[in-house]
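Going by the working numbering, the letters in the sequence shown line up with residues 969 to 1200, in that order. In this text, a Cβ means the ideal position worked out from N, Cα and C, and glycines have one as well.
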Amino acid sequence: MNRTGAALIVIAALSLAGGCASPGPSPLPEGPAAYEAIPEHSVREQQDMIGPGDKLAIKVLGEPELSSDGYVVESSGYVQIPLLGDVIAAGQTSRELAADLARRLGSKFIRNPSVTVAIVDRPMSTYTVEGDVTAPGVYPATEATTLLTAMAQAKSPTKTAKTGDILVFRTINGQRAGGRFNLGDIRRGRAPDPQILPGDTVVVVNSAAKAAWRDFLTAVPVFNIFLFLQNN
């Protein structure tokens, strides 16, 4: 077998291996549906959005045993309220949570309750970038953070990243939601640059085909030496 034929066999084998290694498309929505699954928030909404680790002051008029400045939202997004137990707080605004608590208390325990909620302290807001990027890690989230910002802070996807299928996960009302975004379309202005909020996780997956091709190129010198020894 000549050198060209052998190389073609190796390339075909690597391509087949790459295809077998691929886990298939993600079930998360893409295109317009992805932007609906991961909705944007106004600056005001973002500032008032409750998140894990936030410390809340919850006041129920005339009910001192329920009123406290020390309620803390757990990492799961829930806050424990006397009489009610675990109530989802993350992903809601202070006003929305107050209305939810008033409804719950009024349905069983208190007649026409008056409830107020305020965020009195919160940890530094961050998001996470994982996967095939140069510098995965946890980064501070600001009002202007977008997917392109996240990629820049993580020092860009690697050469083997699947940039047409970037995943963004978010907890909304206690439920994990996600969407798939095409980084190339966003960079070219063909698609909006989605907002990244505190608590989000961005995952850049590996392209099996790109990785297989990279491995082949790395192995070419060794492969050529092997053929030379075989033919001499």
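Item to check | Three-state secondary structure assigned by DSSP to T1117 | outcome: As a position in the sequence shown, residue 1117 is number 149, starting the count at 1. Helix.
Checklist entry - Just how far apart, CA to CA, sit D1161 and N1141? => result The residue you call residue 1161 lines up with position 193 of the sequence shown. The residue you call residue 1141 lines up with position 173 of the sequence shown. Going by C-alpha positions, D1161 is about 23 Å away from N1141.
Checklist entry - Going by DSSP, what residues sit across from A1025 in a beta bridge? => result Position 57 of the sequence shown holds residue 1025. A1025 pairs with A1086.
Item to check | Strand pairing of A1145, partner residues [DSSP] | outcome: Within the sequence shown, the letter at position 177 stands for residue 1145. Per DSSP, R1138.
Checklist entry - Could you give the distance in angstroms between the alpha-carbon of R1158 and the alpha-carbon of N1150? => result Working through the sequence shown from its first residue, we reach residue 1158 at position 190. Working through the sequence shown from its first residue, we reach residue 1150 at position 182. Here the alpha carbon of R1158 sits roughly 10 Å from the alpha carbon of N1150.
Item to check | Nearest neighbour of T1094, chosen from Y1046, P1108, T1169 and P1104 [CA to CA] | outcome: As a working mapping, residue 1094 is identified with position 126 in the sequence shown. Checked all of Y1046, P1108, T1169 and P1104; the closest Cα to T1094 is P1108.
Checklist entry - Apart from the five residues on each side of it in sequence, which residues of its chain come closer than 6 Å, Cβ to Cβ, to V1171? => result For this step, residue 1171 is matched to residue 203 along the sequence shown. Spatial neighbours of V1171 in its own chain (CB-CB distance under 6 Å, excluding positions within 5 residues in sequence) are listed in chain order as E1098, G1099 and L1135.
Checklist entry - Since F1137 and T1169 are thought to touch, with beta carbons under 8 Å apart, how far apart are those beta carbons, to the nearest angstrom? => result Position 169 of the sequence shown, counted from the first residue, corresponds to residue 1137. Position 201 of the sequence shown, counted from the first residue, corresponds to residue 1169. About 4 Å; that satisfies the 8 Å criterion.
Checklist entry - Can the beta-carbon of D1068 be found closer than 8 Å to that of V1047? => result Indexing the sequence shown from 1 puts residue 1068 at position 100. Indexing the sequence shown from 1 puts residue 1047 at position 79. Contact flag unset, no.
Next on the checklist: Please return the same chain residues whose Cβ sits closer than 7 Å to the Cβ of F1066, not counting the five positions on each side in sequence.
Outcome noted: Within the sequence shown, the letter at position 98 stands for residue 1066. It is worth fixing the name first, because residue 1066 is Ala in this sequence and not Phe. Answer for A1066: V1083, T1084 and V1085, listed in chain order.
Next on the checklist: Across the stretch 1069-1082 and the stretch 1028-1044, are there enough close Cβ pairs to call them in contact, namely three or more that are closer than 8 Å?
Outcome noted: yes
Checklist entry - If A1164 and T1113 are in contact, beta carbons under 8 Å, what's the gap, nearest whole angstrom? => result Taking the first residue of the sequence shown as 1, we reach residue 1164 at position 196. Taking the first residue of the sequence shown as 1, we reach residue 1113 at position 145. It is worth fixing the name first, because residue 1164 is Ile in this sequence and not Ala. About 5 Å separates the beta carbon of I1164 from that of T1113, a gap short enough to meet the 8 Å contact definition.
Checklist entry - Which stretch, first to last residue, makes up the alpha helix (DSSP H) that contains G1152? => result Locating residue 1152 in the sequence shown gives position 184, where the first residue counts as 1. Run containing G1152: L1151 to R1155, per the alpha helix (DSSP H) assignment.
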